[in-house]
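In UniProt numbering, the protein residues as written are 1 to 582. Notes for the one structure printed next.
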Amino acid sequence: MESPLATTLGTRMSAYLITSNDFKKQRQKINKQIKNLRHELNLINHDSKKYKVVKFTKDQYQSNKNYGLIYLLLAERDFLYGLEMKNILEIDDIKSKSKSKSNSNSKLHKNYKKLLITKFKRSLIHAKELLDLTNEESINDIKVELFVYTALIIDYLYNTHNNNNNNNNNNGEDENNDDDEEEADSFNKTLFNELIETLVDPSLNLAISQLEIHSTTDLKSIARKHCHDNEVPYLTPVLNLIDSKYTTTAENIANEDNFEISKQVNWRDHSAYIYNDEVALKISYLNNNIHWDKSNDINQFDSIITQWNEILSLHKSDTERNQDDDDLEQVQNRAILLTYINYNLLFTTLKRDLLLIGQLAKIDDNKDIIRLFNGILVIVQNLKDLPGVYNDEDLYDSLDNLEKFFIAQKNQVIAESYQFNSQFAESLKIYQFINQEISNATTTTKQGSSSFYKTDFPFNISTNEQIAIFKNDITKKILQNQISAQFEQSKVISSSPYTIENLNKYPKGLTTIINLNKIEPMMCKPVLFDVAFNYISYDSTKQTTTNTATTTPVETSSPDVDETIDNENSKKRGFFGIFGRR
């Protein structure tokens, strides 16, 4: 058997049943499903004289879940019949306000109401039979949903009888059952939300008003308080199927963990009453048990942030469902509490990011540090945009200066990067800008002391003492970079702009060389020297004469030899032999 609530309420919700005719058509569809199931299980008896009401056993259910589905559809069919009569009665009531009631109409009205109660009772009988049949069901979700469905039938039945005492208890269990289904799929989640908003909450509010319960708390807390009253014994076993955190009151949880629940919070000069017990429990747990604003362990911050997010989500949903816009005091209390939660959540996130920056600073990961500072600046801006902050002059000015301080720290990281790369002039400009901004934001009190912040922050995120230390550090950095920049300038002046002593390093004064990736020596091409070598003249006559003198006597040169020498000399005229000589 699939989800009982999806089979009944889910199908009903998807069909958009509005008029009595819509309920009738849906009831007829259920009849067809029951008929088909009976055929499938061979439960059809054509001999009407021998007809007997068949009761299914647990063994039959364990062998085939459709036996349980028949009981569920029988309960839904009678329930739809009752809703059909209820719709007719509501229309009849509207008509009776505009026209006088006749005796026949009054009698018909009573018959409809009697039929309505009868159908709800029959539906409850089938639901109780189904609870007995599924007593050994292994899937707890199915058992819980069957208890919810049965409680809804009881709720409708007792509403008809105006017995609101039991109504309070039944819906209390109903509310807790729906809390236990929070992790269902999207369709079931929509179904449960619709169930709570349209059926459970209105019935609880009606019960509270008629029982004269002073509603200083939320409906969920009232449901947790009364779900153990045991007004309907056959619904009590469902409490054993639900996690105790959904059925235990906030006071009992606080007593088990040894801390007190505070129903009031203070933020700045404002105080707010907490209407939701669960919100008060979670805030008191963070304040009194964890001491969230004293923590410096980065491993704890994800858990603390998650808890603040849960409180924020819970408060928003409670405000949407339970806020009375006509009660100005309640509206103001809820608004102050919302700012209080957001304020603490944002500062917790900010503290975690600062601790991450401290870890990254140890490994010189400036890129990620700058990214985190950008996120911190967004957080500070969100703090400034919170309701009530702008009207608090001291807080707003302090947050404004806190933003300037984080901008200065971000710029300091950039300046250190320039300084690391020996760009001292650029680093010096940034440090001077930081010093000017911090000095302009610092004010002098009447006692003569300097004040950067007018209020304290959670976690001591930043204090006036830290600002004084930061200013002294910036002053030292300015002096260091002034000396380093002057030294670098003197090195540039003394170096020749034309001498390259190292292939990987050259003087900074060379402004005409741009974008040189690598300087390498180039092999000279010997073509020019080859051509010149061909035109080097040697005195061949002297060498010949010397050699001849050592061997033979001197002879007069013949005319043929002289003519040959003249011809050779005439060929070597001009520039490299290209142009002739005149």
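The beta carbon of each residue, even a glycine, is placed where N, CA and C say it ideally should be.
Open item on the list: Taking 8 angstroms as the threshold (C-beta atoms), are Gln409 and Phe373 in contact?
Closed with: yes
Task: Runs of alpha helix (DSSP H) lying entirely within the stretch 241-283, each at least 4 residues, in chain order - done: 250-256
Task: Leu80 vs His109 beta-carbon contact at 8 angstroms - done: no
Open item on the list: Taking contact to mean 3 or more Cβ pairs, one atom from each stretch, closer than 8 angstroms, check whether the stretch 287-296 and the stretch 220-239 are in contact.
Closed with: no
TODO: Grab the span of the alpha helix (DSSP H) containing Trp292 for me, first residue to last.
DONE: Looking at the DSSP string, Trp292 is not in any alpha helix (DSSP H), and its letter there is neither H nor E.
Open item on the list: Less than 8 angstroms between the beta carbons of Thr475 and Asn435, yes or no?
Closed with: yes
Task: Whole-Å CB distance - Asn135 paired with Lys58, under 8 angstroms assumed - done: 7 angstroms
Task: Test item: CB-CB of Thr247 and Ser221 under 8 angstroms - done: no
Open item on the list: Helix, strand or coil, according to DSSP, for Thr443 in the structure here?
Closed with: strand
TODO: Write down the C-beta distance between Ile298 and Leu355 rounded to the nearest angstrom, noting that I regard them as a contact closer than 8 angstroms.
DONE: 4 angstroms
Task: Local Cβ density within 10 Å of Ser558, reported as buried at 16 or more and exposed below that - done: Low confidence applies here, because Ser558 scores a pLDDT of 48, under 50, leaving its location unreliable and the question unanswered by this model.
- [ ] Provide the residue(s) that pair with Ser451 in DSSP beta bridges, ordered along the chain.
- [x] Thr443
Open item on the list: Pairs of beta-carbons, one from the stretch 380-398 and one from the stretch 416-429, closer than 8 angstroms: are there three or more?
Closed with: no
Task: Beta-carbon proximity check, Glu84 vs Arg38, cutoff 8 angstroms - done: no
Task: Inter-residue Cα distance where the pair is Val148 and Asp78 - done: 17 angstroms
Task: Whether Asp155 touches Ser203 by CB criterion (8 angstroms) - done: yes
Open item on the list: Given this structure, state the Cα-to-Cα distance separating Asn472 from Thr442, to the nearest angstrom.
Closed with: 14 angstroms
Open item on the list: Closest to Ile70 by C-alpha separation, out of Val380, Ile91 and Asn36, would be which residue?
Closed with: Asn36
Task: Residues of its chain near Pro458, where Cβ-Cβ distance is below 7 angstroms and the 5 sequence neighbours each way are ignored - done: Asp293, Asn344 and Phe347
- [ ] Taking Ile311 as the reference, give the member of Asp353, Ile283 and Glu465 with the closest Cα.
- [x] Ile283
Open item on the list: Is the separation between the beta-carbon of Phe406 and that of Leu377 shorter than 8 angstroms?
Closed with: yes
Open item on the list: I believe Leu9 touches Leu130 by the beta-carbon criterion, under 8 angstroms. Please report the beta-carbon distance rounded to the nearest angstrom.
Closed with: Not a contact, Cβ separation roughly 15 angstroms.
Open item on the list: Counting C-beta neighbours from all protein chains within 10 Å, is the total for Lys55 16 or more, i.e. buried, or is it exposed?
Closed with: exposed
- [ ] Answer with buried or exposed for Gly68, where buried requires no fewer than 16 other C-beta atoms within 10 angstroms of its C-beta.
- [x] buried
Open item on the list: Measuring straight from C-alpha to C-alpha, what distance separates Trp267 and Arg352?
Closed with: 22 angstroms
Open item on the list: Using the three-state DSSP reduction, which class does Met13 fall into: helix, strand or coil?
Closed with: helix
TODO: Drop a sphere of 10 angstroms on the beta-carbon of Gln381, count the other beta-carbons inside from all chains shown, and report buried for 16 or more, exposed for fewer.
DONE: exposed
Task: Spatially closest choice to Ile438 from Glu426, Leu199 and Tyr453, by CA coordinates - done: Tyr453
Open item on the list: Rounded to the nearest angstrom, what separates Leu116 and Leu124 at their Cα positions?
Closed with: 12 angstroms
- [ ] Apply the 10 Å Cβ neighbour rule to Tyr16 and answer buried if 16 or more other Cβ atoms are within range, or exposed otherwise.
- [x] exposed
Open item on the list: Is it buried or exposed, Ser271, if we count other Cβ atoms within 10 angstroms and call 16 or more buried?
Closed with: exposed
- [ ] Please state whether DSSP places Pro4 in a helix, a strand or coil.
- [x] helix
Task: Ser14 versus Asn411: straight-line alpha-carbon distance, rounded - done: 58 angstroms
- [ ] Give, in chain order, every unbroken run of the alpha helix (DSSP H) that is at least 4 residues long and sits entirely within the stretch 386-428.
- [x] 393-420
TODO: Excluding the 5 residues preceding and the 5 following Glu194 in the sequence, name in chain order all residues of the same chain whose CB lies nearer than 7 angstroms to its CB.
DONE: Met13
- [ ] Spatial neighbours of Asp201 within its chain, please: CB distance less than 7 angstroms, with the 5 preceding and 5 following residues excluded, ordered by chain position.
- [x] Leu219 and Arg321
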